[in-house]
Structure formats: structure tokens, C-alpha cells
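One structure is given below, encoded as C-alpha cells.
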Amino acid sequence: MEVGYTSEHIFAANDYLYPYSPQLTVGVSGLSASQTLTHHYGDWTVTALWEDGPVSMEATLGHGLPYAFFKITGGNAVVTAAQTPSIWFNQNEVLGITISGKHYGIFAPSGSSWSGASTFQSSLNGKDYLSVALLPDTDPATLELFRSHAYAFVTNSTIDWQYNESTAVLTNTYSYETVLKDSGSTNVNETLTALYRHQWLNTSDPLLNYTYKSPRGIMKLYEGNSFATDLRFSGILPALPDQGNYNRAVLLNYIQNVAGETLPVGPSYENGKAMARFTHLVHIADQLGAMTERDHFLNEIKNRLEDWFTAGGAQEYSYNQNWDVLTGYPSGYGADNQINDHHFHASYAIMSAATVAQYDSAWAAQDNWGGMVNLLIKDADNWERNDTQFPFLRTFDAYAGHSWAAGHGDFAEGNNQESSSESMNFASAVVLWGEATHQPEIRDLGIFLHT
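Residue numbers (numbering that gives the first Met the number 0): 0 to 450.
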């Protein structure tokens, strides 16, 4: 597995980039795996697996972790430098090297040793683990800090959120589970993790005086298995208020003209945007007192949603058990065959349903059409860990603090969130649906996604 750190940005055409550049490759002697498998994952950590008969390697990594944790079988640990390294520490099980100005600590079990000048090998003293850490500097105190935490192997990561209505504060708690692999007297069963700017600006937990550069700004180091952030939720309006500074007759004429239209049948995304247009018109018509027109828009939205929520016909949602996914057909933009953009597509339907719920609570009941709306939310961002019908927070990256659009993420530059506005539309829709239907758990999910 390659390990790299890019500390300087470049400009390429219209892009601002931190291009990937590896400094190390970690492997096992004799390992030649044909594929990389997912062995385990947490909310923002993953364990990858490479297998080649009796030779194998696992690597655990995640957002914020300056470490990669390895388990190997069937051969010696092999760490290869991309360029000739500067070896500034090599004592027993600990190796400190610098490659292209990037500093690394490599930590084997007690009693181990490392040999080599550019390709380093160790039998790991008969054990099966090692860790590699990106170091902020080469100071001996820094190396010792990272060494003392290097054997606290991360085994899981979890996010928990709690919303306080009285203070409008959302508290997010980020937690790691660790196992201490080497029980030396100075070893600590807690990890080190680097916080993104949106985290360290909003935490009261004490931070260490170490930083990293990233495309998201400076990351600050924290010592411990759990930290929390407090974020203020500013609220969401279902519609802009009527300020009255317009020509009501002209606006009413516009509304009446549109009220002659009906919502067409179409693919999930395009049909969703058409419903969104009528959703906004519902609120405007209501403020104008144009109840006939308002109810026309509401009925058109209901009819279209009910068609989507009913199996068969020209439009429907279909559940795929192989991928635990709910997809609207006709589909588009790879939503069906790549699981792309599900939160984008669903945002319009959920927002439309939330608007209907404000005027017709019976329609939105869980034993009526509301149950399908909850499923749409769960498909994109399931809030219940024990519900195996959908994965937990499919689109939302809890540590990065935003969603990802591509279902596969198979790009050299990583995944994308090419429509942050539609992602926020999803979060807003979830808040409004949860509030309108008196489901605080769903409302709080939306606040978590939004804030």
C-alpha cells in the first residue's frame, strides 16, 4: 500500500489541487495480490485486505488519522521508499526517515529491528503488526509522542449527534475504539487524530501543538479516543415570508397562469425538479390567499409522489437487495447502475412531501404515504445503525462533514460532491419533513447533515 503526503498546492488550468504523491510503499515479502478487498469499516475508517495464499496484509486507515495500522502474515514486513531517504533514527523497533521533506515514523513490535537503506525489512520479532505515522517534524519528543500511541490500533470509528432544542446546539461526538498491541509501560491505548478546520474551530477539547496542511486548511492534532464539537443550528424556513412589497395582482396572474399546468411523467431527477417548482408555488399561492391554485399545486405534487410510491406503472421506486438501495425508475445520471446522486434526486421528492405534510397531515402519516418518504431518507442517509435494509449514512461523510455524490468514487482525484446546493436541499428537506410529521429523530438527522 502506498503512503503519501502532499503539503503544497498547485494550480492546473482552473483547478486548485493537492496532487497525490507517494513517499512509501508498505507490503509483505512474497505478497502479490490481484485485488484490494474491504475487510472492515467504521464510520470514517476502513480496513483494506490483500491476500495471496498464505501471505496477506491488512491496513487500517481513516480521515484524520496520521497512522496507518498494518497486520501481516506469511512474510517479513517490507517498507520501500520512493526516493533515497534520510534515516535520522534507527533504534530497535523504531525507524525515523525523511523522504522529499516528508517525515515518517515506522513502528514495529518491541524487540524488532529494521535492516536496509531504501527498502527496509523486519521480521517483527515474530509478531504480525506494525504502524506507520506521518510526523509533523523530526524532533525526538515528537517521535516519542507518536511512538507511545503507535500501538493503539484503531479497530472502529463512530459518530454520534445530539441536538439540544433549548439552545439550538448540535453536539457531534467522534469516537475511536482501539486495541493496545504492545503493552510497554510507556505505551498509551489512545490514538492521535488530526481535526479539520470545521472541527477544531468548534471543539473545547484541548489540542496539541502539532499541525498538518491539507486541501481543507490546517489540521490540528488531538490526543485521545473521543472528541466533540458544538455547532449552532440557525434554523430553516419552509418559505420566505411575505414582505408585501410587490404587485399582488401581477403575481396572482402569474400564479393563475401556472395553475393551468400539470406535472409530467419523467425521470426521478427531472420530475423532482418539476415538483420543486410547484412546491415553491404552493407557499406563494397560500400567502396570496389563492387557495384554489394552492390546492391545485398540492394535488399535482400528491399525484406525482403517489405514482412514484406505487409499484408498477411509468414511475416507481425499486429496492435492490444486492446493494441495499432504493432507486427511482426512470433513472438517470448513474443513479441506478452507479448509485450516484441519491441524495440529490431524493431531496426534491422529500421537500415536496414536506410541503404537502404542512397542509395535509393525514397524507403524510406513516401508514399512508409518509412511510415511503422515510424510506427515501434512509436510502441516502439511514440514521438507524441496526436497520440493515440500508447502510448507515450512505452518502454522508461524518468526519469530512459533507456528502459524496458518486456511488463508486472511482476517480484518481477521489470522490466528488458536485452539487453542494442539492446536498443542502436534501438536509433542509429532511429537517422540514421531520418537523412537519413530528419525527424529532428525523428532524435531528437533517440538522446534523445541515449543520
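Ideal Cβ placement from N, Cα and C applies to all residues, glycine included.
Taking 7 Å as the cut-off, decide whether the C-beta atoms of M0 and A58 are in contact.
yes
Can you grab the Cα-Cα spacing for the pair L23 / S121, in whole Å?
15 Å
Which runs of the beta strand (DSSP E) spanning at least 3 residues fall entirely within the stretch 163-231, listed in chain order?
168-179, 191-194, 218-222, 225-231
Going by DSSP, which residues form a beta bridge with G95?
F88, G104
Which residues in the same chain as V355 place their Cβ atom closer than 8 Å to its Cβ, once the five residues preceding and following it in sequence are excluded?
L297, I300, K301, L304, W362, A363
If V2 and V27 are in contact, beta carbons under 8 Å, what's the gap, nearest whole angstrom?
Not really, about 15 Å apart at Cβ, beyond 8 Å.
In terms of residue numbering, what span does the beta strand (DSSP E) encompassing D51 cover?
44-51
Assign G61 to one of two classes, buried (16 or more other C-beta atoms within 10 Å of its C-beta) or exposed (fewer than that).
buried
Between the CA atoms of D335 and E440 - distance to the nearest angstrom
28 Å
Tell whether a beta-carbon distance below 7 Å holds between A397 and A345.
no
Just list the beta strand (DSSP E) runs in the stretch 322-373, keeping only unbroken ones of 3 residues or longer that don't cross its boundaries, in chain order.
324-328
Let's test the definition: count the other Cβ atoms within 10 Å of the Cβ of D468 and tell me whether it reaches 16, buried, or not, exposed.
Residue numbering for the chain in the displayed model covers 0 to 450; residue 468 lies beyond these limits and cannot be assessed.
Go ahead and label R247 buried or exposed: buried means 16 or more other beta carbons lie within 10 angstroms of its beta carbon, across all protein chains shown.
exposed
Might you give, ordered along the chain, the residues of its own chain that have their beta carbon closer than 7 Å to the beta carbon of A167, omitting 5 neighbours on each side?
R231, F232
Determine the contact status of N186 and Y221, defining contact as a CB-CB distance below 7 Å.
no
Going by DSSP, name the residue or residues bridged to W160.
N171
Under 8 Å Cβ to Cβ from W322, same chain only, skipping five residues before and after it: list those, please.
I338
In the DSSP assignment, find the unbroken alpha helix (DSSP H) run with L444 in it and report its ends.
439-449
Check whether the Cβ atoms of Y328 and M274 lie closer than 7 Å to each other.
no
Could you please give the first and the last residue of the uninterrupted alpha helix (DSSP H) stretch that includes N319?
Per DSSP, N319 belongs to no alpha helix (DSSP H); it is in the beta strand (DSSP E), 315-319.
In the structure shown, what three-state DSSP assignment does H38 receive?
strand
Uninterrupted alpha helix (DSSP H) stretches inside the stretch 265-297 (no shorter than 4 residues)
267-287
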